[in-house]
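A quick write-up on the structure given underneath.
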Amino acid sequence: MNEEKTPLWRDERFWQMAGQVLIVIILLIIISYFGNNLNQNLEQLGIKFGFDFLDRPASFNIGDKVITYQSTDPYSKAILVGLLNTLRVLLIGIILATFLGIMIGIGRLSDNWLVRQISSIYVQTLRNTPLLLQLFCWYFAVFLKLPKIENPLTFLNSIYLSNRGMDIPWPENTTKTWLSLALIFISIIVSLLLWWKRLKLIENEAKSGKNLLYIILGLSVFSLLILIFGLDWKIPQLNAQIGFIKGGLNLSPEFATILFGLTFYTAAFIAEIVRAGIQSVDKGQTEAAKALGLKSGLILQLVIFPQALRVIIPPLTSEFVNLAKNSSLAVAIGYNDIYAVANTTSNQTGKAIEMLLIVMTTYLIINLIISSIMNIFNRLVQIKER
Amino acid sequence: MFKNKGNFLLLTLLILVTALTACTQPTNTTKTETKPTATNSRLDTVKTRGKLICGVNGQLPGFSFVDQNGQYSGMDVDICKAVAAALFDDPTKVEYRNLSAQERFTAVQSGEVDLLARNTTWTISRDTSVGMEFAPTTFYDGQGIMATKASGVKSLDDLSNKSVCVQSGTTTELNLTDQMRKLGLSYIPVVFDDADAIYAAYQEGRCDAATSDRSQLVARRAILPNPGDHVVLDMVLSKEPLAPMVVNGDSPWFDTVKWVTFSLIQAEEFGINSKNLATFTNTEDPSIRRFLGLEGQLGTDMGLPNDFTARIIKHVGNYGEIYDRNIGKPFQLERGPNKLWTEGGLLYSPPFR
Chain A
1 MNEEKTPLWR
11 DERFWQMAGQ
21 VLIVIILLII
31 ISYFGNNLNQ
41 NLEQLGIKFG
51 FDFLDRPASF
61 NIGDKVITYQ
71 STDPYSKAIL
81 VGLLNTLRVL
91 LIGIILATFL
101 GIMIGIGRLS
111 DNWLVRQISS
121 IYVQTLRNTP
131 LLLQLFCWYF
141 AVFLKLPKIE
151 NPLTFLNSIY
161 LSNRGMDIPW
171 PENTTKTWLS
181 LALIFISIIV
191 SLLLWWKRLK
201 LIENEAKSGK
211 NLLYIILGLS
221 VFSLLILIFG
231 LDWKIPQLNA
241 QIGFIKGGLN
251 LSPEFATILF
261 GLTFYTAAFI
271 AEIVRAGIQS
281 VDKGQTEAAK
291 ALGLKSGLIL
301 QLVIFPQALR
311 VIIPPLTSEF
321 VNLAKNSSLA
331 VAIGYNDIYA
341 VANTTSNQTG
351 KAIEMLLIVM
361 TTYLIINLII
371 SSIMNIFNRL
381 VQIKER
Chain B
1 MFKNKGNFLL
11 LTLLILVTAL
21 TACTQPTNTT
31 KTETKPTATN
41 SRLDTVKTRG
51 KLICGVNGQL
61 PGFSFVDQNG
71 QYSGMDVDIC
81 KAVAAALFDD
91 PTKVEYRNLS
101 AQERFTAVQS
111 GEVDLLARNT
121 TWTISRDTSV
131 GMEFAPTTFY
141 DGQGIMATKA
151 SGVKSLDDLS
161 NKSVCVQSGT
171 TTELNLTDQM
181 RKLGLSYIPV
191 VFDDADAIYA
201 AYQEGRCDAA
211 TSDRSQLVAR
221 RAILPNPGDH
231 VVLDMVLSKE
241 PLAPMVVNGD
251 SPWFDTVKWV
261 TFSLIQAEEF
271 GINSKNLATF
281 TNTEDPSIRR
291 FLGLEGQLGT
301 DMGLPNDFTA
311 RIIKHVGNYG
321 EIYDRNIGKP
331 FQLERGPNKL
341 WTEGGLLYSP
351 PFR
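Chains as they are written, first to last, in the numbering used here: chain A, 1 to 386; chain B, 1 to 353.
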């Protein structure tokens, strides 16, 4: 009523706010103390803080690279090469781990005894051993034990598997290749549009839309032909005498190790999330679907899984983020991810703090992007209340 | 309500600004005082602590290696022991920290280790921009290449399009890049953080060759399953003077490590070793008397016991003994440039005067 007359020290809101301000001040004092301490130490050692070293030539070489890179390129480019290597592992790893995880998770609930046991053993072993150990195991016990390069495993005379990695045919960087890729891309878009139109036809006018189906089929054959003949494929060629494979794309054992390690490790966690998600759906849903006469595959696909997704996606996000962070273990098996390159850079330049900041910010941005994409998915699968 | 909030924010800001300025002011004034002087040098820190914290490799036979009993041995380890012997008359008063090539400089910068004796090459950038201070070179090395006999690699040209195992963050990584760039050849570097991983991968045939300091290659070859199948090529890619180091800007501590290292060399030049040390106690030679602290105040003046050289020789021996014990006998490696200057080598100590 007469609120204005309440003295300040008896106002509860004042004390709440004052408490918060106090905590902020204490935090800032702590941070500025450490910042000052750091600054002072650096000054004492005669080290200057700054990022201008990024323009200097890196003068070290990188084995795995997606873009062209030479030792004369600046440190910033070396870091970019590392970042692309990290992203390469992340993207493929997240996709593979999700598929594998869903399969194992469903397998854990399978009616088949053997499938259930295998899935269970898979999850228990991979989830309960350290990732670093698994990486060493993949690297030294699997990929480096493949045949030597002089005598590789060969498929169709164009794919080679040895302990120097896998060599596969890869299109060359020419205008012809890019033109063909553009054509394929366009035909995929056109096909999708036609498919959508056909669905509309079926829904609205009750027509079969067969003609459109034929056009889509024709487009697919066309794309396939372009894919095979239009691109400038470089087929790897083995020179057994000097132990060298020329041409094509080499996927190094280090890349394979970090990819397999992360995929199999994360899939074990995803499997458990999927299992929990499926079990969270009420049993009545399965029984109702059965009563309607749906087959068990269709029940899972149409009834259970869409509802399970609501429970699955939030923890899945944190598994993806974990995968991103765990990829920094690549340094142990010699894969040049951003952390490994940053390590080398900080060692050659002595700019440890600057490089730590760069790497931390990079991982932070990557993970925030992952989280926001997953949040969009999450919003899509949640129940829409009307 | 809104007005109140605005006032509140203003007040908060005011408090923050005063707090921050209060924080920065005193540190600004103390900055000049914290320059290391004789009173707050690491030398005193180590003396009060009663033991030396020494950063070593720990994975390199001949330089620093942990044996089956958990005991450290090697050239670098003996440098740590020499410093401990000089300070405490007890070579066991050392705590070893295994550091990777990546960690080593940060460990010195942050003061985690007092001294780094970790087969580290002395370069201008490490000495200046990285903030290190290098003691005299304890081992003159050069970069070499090890390859399997079967690979037929005989020179750098043969490494074209081959893969080479190398340790990240080392000068060898940079030298190899430079040399191959000069020849205009491409090669595939396989870079590991861990020395053990390099040779494990090399052994499995992941790389056609491995590159590192020659002494390291020789030592590593000896512990490969079939040493006879591998050759350390007869060429030297670069100069690799390996030296112990301390942090920049701490003269008393730097002087200690520097002169402990020199005393090892000087002792050999005088012909004093751990066995005949006792016979020198009543020597007439004034320079030896000064060196052993029987005369003058060389040790006391730098804040060390006056007989610090005698302690070092008693517990660790002179340079020649250290070399033979760790490198010469086990790996049959000639001393080469690591001989005394009087015998045509590069080891030379300024006078103890």
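Positions of the beta carbon are idealized from the N, C-alpha and C atoms, including for glycine.
Proximity winner among the options, relative to residue i (alpha-carbon distances)
i       : options                               : result
W138(A) : T362(A), E254(A), Y363(A) and L368(A) : E254(A)
C54(B)  : A201(B), N40(B), A107(B) and Q102(B)  : A107(B)
S64(B)  : Y140(B), N161(B), N326(B) and F134(B) : N326(B)
S110(A) : L259(A), S296(A), S71(A) and E385(A)  : S296(A)
V303(A) : E12(A), L316(A), L100(A) and S280(A)  : S280(A)
E173(B) : G62(B), F192(B) and K162(B)           : F192(B)
L156(B) : L99(B), G205(B) and L237(B)           : L237(B)
P241(B) : L347(B), L217(B) and G328(B)          : L347(B)
T263(A) : K210(A), I104(A) and P306(A)          : I104(A)
Neighbour flag for residue i against chain B, beta carbons, 7 angstroms
i       : result
S59(A)  : yes
T177(A) : no
K148(A) : yes
L300(A) : no
T344(A) : yes
Q44(A)  : yes
A97(A)  : no
G261(A) : no
V331(A) : yes
L126(A) : no
N151(A) : no
Beta carbon proximity, residue i to chain A, threshold 7 angstroms
i       : result
Q109(B) : yes
T37(B)  : Confidence at T37(B) is low in this model, with a pLDDT of 48, below 50, so its placement is unreliable and the value that follows should be read with caution. No, because no Cβ of chain A sits closer than 7 angstroms to the Cβ of T37(B).
Q102(B) : yes
E240(B) : no
G142(B) : no
N248(B) : yes
D193(B) : yes
F134(B) : no
T342(B) : no
P350(B) : no
V130(B) : yes
N57(B)  : no
N161(B) : yes
S168(B) : yes
F254(B) : no
E204(B) : yes
L174(B) : yes
R181(B) : yes
Beta-ladder partner(s) of residue i, from DSSP
i       : result
W233(A) : P171(A)
S73(B)  : F65(B)
V190(B) : C165(B)
L249(A) : I168(A)
N239(A) : F244(A)
T362(A) : According to DSSP, T362(A) bridges with nothing at all.
Exposure of residue i, with buried meaning 16 or more beta-carbon neighbours within 10 Å
i       : result
V221(A) : exposed
G6(B)   : Bear in mind that the predicted position of G6(B) carries a pLDDT of just 49, short of 50, making it too unreliable to give a figure here.
F34(A)  : exposed
Q124(A) : exposed
D11(A)  : exposed
P225(B) : exposed
I56(A)  : According to the sequence as given, residue 56(A) is Arg; it is not Ile. Exposed, since its Cβ has fewer than 16 Cβ neighbours within 10 Å.
D76(B)  : buried
G284(A) : exposed
S372(A) : exposed
I145(B) : buried
D67(B)  : exposed
K252(A) : In the sequence as presented, Lys is not what sits at residue 252(A); that position holds Ser. The residue in question, S252(A), is buried, as its Cβ has 16 or more Cβ neighbours within 10 Å.
Chain-ordered chain C contacts of residue i [CB-CB under 7 angstroms]
i       : result
I188(B) : Going by chain labels, chain C is absent from the structure shown, which instead holds the protein chains A and B.
Whole alpha helix (DSSP H) elements within the region 83 to 140 of chain B, 4-residue minimum: 104 to 109 and 124 to 127
Run through the region 204 to 273 of chain B for me and flag every whole alpha helix (DSSP H) of 4 or more residues, listed as ranges in chain order. 214 to 222 and 251 to 270
Any alpha helix (DSSP H) of 4 or more consecutive residues that is wholly inside the region 268 to 350 of chain B: Within the region 268 to 350 of chain B, complete alpha helix (DSSP H) segments of at least 4 residues are found at 286 to 291, 298 to 301, 308 to 315 and 319 to 323, given in chain order.
Let me know the beta strand (DSSP E) ranges lying completely inside the region 148 to 207 of chain A, each 3 residues or longer, listed in chain order. Counting whole runs of 3 or more residues, the region 148 to 207 of chain A contains the beta strand (DSSP E) stretches 153 to 155, 159 to 162 and 165 to 168.
Taking the runs of the alpha helix (DSSP H) that are 4 residues or longer, which of them lie wholly in the region 265 to 344 of chain A? Within the region 265 to 344 of chain A, the runs of alpha helix (DSSP H) at least 4 residues long that lie entirely inside it are, in chain order, 283 to 291 and 305 to 326.
Runs of beta strand (DSSP E) wholly within the region 73 to 131 of chain A (minimum 3 residues, chain order): none
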